[in-house]
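Visitor: Residue numbers (the working numbering): 1 to 175. Next up is a structure, given as structure tokens.
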Amino acid sequence: MHHIDRYAKDLSYSALMSVAITQHLHRLGLTPDQVVFGLPAMGIDGTALNAICPVNSIVECAASKYRSVSGHCNNVNHPLRGAVYEPMQRFLKPDYADEVSTPRASTIGAPLPSARRVSVQLITEPTEAHNVCVMMVAQWAMFVYEDIAQIGNNRVFKGNVLSDCILSGSAFYGI
């Protein structure tokens with residue numbers, strides 16, 4: 001397992017708190033569109049939430065000939081896209097069973113297959129190996145894996161699972 005630094009752990013806690021808060025807001029009757037599109041537009045400065053869920057903002061990017069290692073300001077129009085410690089952006093609106101975090105089920109109520117199982121079933125190995133792209137693709141895949149693998153998990157610093165007071169009724173899903 002990869003070592004995750006303290007800041008990444010704090011962000012994992014922030015993410016869990018965000019899910020819990022979103023579930024609470026959903027129980028209050030907010031529509032999914034209000035939760036997904038309306039709430040992010042509201043500021044959290046001066047609130048208790050700001051201490052738990054810090055917002056990273058970059059006012060201006062300095063001109064540079066090279067890209068930054070952290071990914072900050074690599075896109076001057078959207079300086080936080082692809083940056084370290086920033087959430088991944090969705091291409092599509094999320095679709096959960098409870099409209100917050102519970103994975104969807106099939107039309108008959110059975111659990112849906114994992115993404116891995118679907119990939120294995122749909123994508124078959126090519127019968128003929130490509131003689132140019134093989135190593136390049138392997139290196140690119142390793143680069144993407146290393147980037148994705150740094151996402152936080154549900155363990156605290158000494159390897160213990162987060163306590164029930166933090167998770168209170170939450171479940172972790174094997175994705």
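All C-beta atoms in this analysis are idealised placements derived from N, C-alpha and C, irrespective of residue type, glycine included.
Between Ala83 and the ligand ADP, is there a pair consisting of the residue's CB and a ligand heavy atom that are separated by less than 8 Å?
Guide: Ligands displayed in this structure: none; no statement on the ligand ADP is therefore possible.
Visitor: Quick one: measure Cβ to Cβ for Ile52 and Met17, integer angstroms, because I've assumed they're closer than 8 Å.
Guide: So it is a contact: roughly 5 Å between Cβ atoms.
Visitor: What is the C-beta distance between Val100 and Thr22, in whole angstroms, given that I count them as a contact (C-beta under 8 Å)?
Guide: At roughly 5 Å, the Cβ-Cβ gap stays under 8 Å, so Val100 and Thr22 are in contact.
Visitor: Taking the alpha helix (DSSP H) that Met17 falls in, what are its first and last residues?
Guide: That run of the alpha helix (DSSP H) goes 6-27.
Visitor: Using the Cα positions of Leu167 and Val19, report the straight-line distance between them to the nearest angstrom.
Guide: Only weak support is given to the placement of Leu167: the predicted model assigns it a pLDDT of 47, under 50, and the question is left unresolved by the model.
Visitor: Using C-beta distances below 7 Å, list every residue in its chain close to Pro111, excluding the 5 sequence neighbours before and after it, in chain order.
Guide: Ala105.
Visitor: I'd like to know whether the C-beta atoms of Leu25 and Leu39 end up nearer to each other than 9 Å.
Guide: Yes, these two residues count as a Cβ contact at 9 Å.
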